[in-house]
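J.: First the structure, which I've put down as structure tokens, then a few questions once you've had a look.
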Amino acid sequence: MTSNSTLPVGRGLWFVCIAATAWGTGGAVAAVLYDTSGLGPVAVSWWRFVGGALLLAAVRRPSAPFPWHGWRSMVVTGCGLALYQTAYYVSIQYTGLAVATVVTLGAGPVLIAVGARVAGIESLDGAGIAACGGALLGLVLLVGGSSGAAGGPSGTAGGLSGRDMTIGVAFALLSAAGYAAVTLLTRRGNGIDRYDTALGGFAVGAVVLTPLALVDGPLPAGSGVAVTAALLLYLMVVPTALAYALFFAGLAVVRATTASVVALVEPLTAAAVAVTLLGERVTPVAALGGAILLGTVFLLMRSERRGAPAGERS
1 MTSNSTLPVG RGLWFVCIAA TAWGTGGAVA AVLYDTSGLG PVAVSWWRFV GGALLLAAVR
61 RPSAPFPWHG WRSMVVTGCG LALYQTAYYV SIQYTGLAVA TVVTLGAGPV LIAVGARVAG
121 IESLDGAGIA ACGGALLGLV LLVGGSSGAA GGPSGTAGGL SGRDMTIGVA FALLSAAGYA
181 AVTLLTRRGN GIDRYDTALG GFAVGAVVLT PLALVDGPLP AGSGVAVTAA LLLYLMVVPT
241 ALAYALFFAG LAVVRATTAS VVALVEPLTA AAVAVTLLGE RVTPVAALGG AILLGTVFLL
301 MRSERRGAPA GERS
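With UniProt numbering as the guide, the letters of the sequence shown map in order to residues 1 to 314.
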């Protein structure tokens, strides 16, 4: 695989992996915010977008001209990010965390692989198809096993009406479509620096989410304002500004389908955080799923690096 970027493929793969790990920690932080701050999912997403845009703008080189000519691409990226985040949270409200996660993250690599083939961006070989299958199997076992241990309304979809399940799955697929669109657009390249792509996307996403955030209630309630501010700051810095800047940079040299599979490290990280910090149990099924998922990601990263030209592997 060749690329116009000077970033080695191996480093790009680690960028994607680090980004997914950061996203996984963000889920636990967001869950704490929902329980303690009075903020809803849309409001938390809005703060992430606003903070991410401000942070990236603050550390951007002042002398570098901003690529206003790429505003159309930034609008699409921002709308895609807003759609991905918001539709995923709506899906959770209807189906619970397990179903929403499996459908959204499971459909993502499939939509990306098909979209990349149709758009002529890249093709998927037999090894890539096998890797996608292995990763999806691991994801289903990991999330299904974890939800079985956790129980409660956010775990399994037991007792849901057919209407709720249909609506929830539809929003999960909509979320996956937004994620796939952003990934493919960034991978295809738009003549804009990946850093500016993230900055512009967050700014547009913040504008798009502002009306919904105002309805949801953008200001925290309760007495723990300092803790809420610290958690929001973490979400802005690590799973948002840092993670997406690394993810977009990695997409410059890593195939979109590979990146989407490597990004499945996110639920694996979330499960690890839940066990180590939140005291949740690990079932044998979840442990098996995590092992399959981690092994698949490792093998795919190794294959991607070997497939790159010698000078681009490091």
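Just so you know, even glycine gets a beta-carbon here, dropped at the ideal spot from N, CA and C.
(1) Can you tell me where the alpha helix (DSSP H) with G51 in it begins and where it stops?
(2) Short of 6 angstroms in beta carbon distance, which residues of its chain neighbour F202, apart from the five on each side in sequence? Order them along the chain.
(3) Drop a sphere of 10 angstroms on the beta-carbon of L277, count the other beta-carbons inside from all chains shown, and report buried for 16 or more, exposed for fewer.
(4) Please identify the residue among A176, V169, L231 and T21 whose C-alpha is closest to the C-alpha of L83.
(5) If you follow the alpha helix (DSSP H) that P211 is part of, which residue opens it and which one closes it?
(6) Quick check: does the Cβ of V215 come within less than 7 angstroms of any heavy atom belonging to the ligand FAD?
(7) By Cβ distance, which residues of its chain are closer than 8 angstroms to V29, with the 5 residues on each side in sequence left out?
(8) With burial defined as no fewer than 16 other Cβ atoms inside 10 Å of the residue's Cβ, what is the status of L219: buried or exposed?
(9) DSSP three-state label for V253, please.
(10) Note down the Cα distance separating G128 from G178, rounded to an integer number of angstroms.
(11) Please state whether the Cβ-Cβ distance between V261 and L300 is less than 8 angstroms.
(12) Touch check for the stretch 239-255 and the stretch 61-73: three-plus C-beta pairs under 8 angstroms?
(13) Any idea if T104 is buried or exposed, counting beta-carbon neighbours within 10 angstroms, 16 or more meaning buried?
(14) In the DSSP assignment, the alpha helix (DSSP H) including P267 goes from what residue to what residue?
(15) Quick check on the DSSP output: the alpha helix (DSSP H) that includes S91 runs from which residue to which?
(16) Could you check where the alpha helix (DSSP H) with residue 318 kicks off and where it finishes?
(17) Does DSSP classify L136 as helix, strand or coil?
(18) Taking A271 and G290 to be in contact with their CB atoms under 8 angstroms, please state how far apart those CB atoms are, rounded to whole angstroms.
(19) Could you give the residue range of the alpha helix (DSSP H) that holds W68?
(20) How is the alpha helix (DSSP H) around D35 delimited, first residue to last?
T.: Considering the structure as presented:
(1) P41 to V59
(2) Around F202: F49, G52 and A53.
(3) Classification of L277: exposed, given that the 10 Å Cβ count is below 16.
(4) A176
(5) Segment R194 to D216, the alpha helix (DSSP H) holding P211.
(6) For the structure depicted, the ligand FAD is absent and the ligand set is empty, with no information on it obtainable.
(7) L231, Y234, L235 and P239
(8) When all chains shown are included, L219 counts as exposed.
(9) coil
(10) Between G128 and G178, the C-alpha separation is close to 22 angstroms.
(11) yes
(12) no
(13) Of the residues assessed, T104 falls on the buried side of the cut-off, its CB having 16 or more other CB atoms within 10 angstroms.
(14) Per DSSP, the continuous alpha helix (DSSP H) segment holding P267 begins and ends at V265 to T276.
(15) Per DSSP, S91 is one residue of the alpha helix (DSSP H) stretching across W71 to T95.
(16) No answer is possible for residue 318: the residues shown for the chain start at 1 and end at 314.
(17) Secondary structure at L136: helix, using DSSP grouped into helix, strand and coil.
(18) 6 angstroms
(19) Unbroken run through W68: none, as it is neither H nor E.
(20) Residues V9 to T36.
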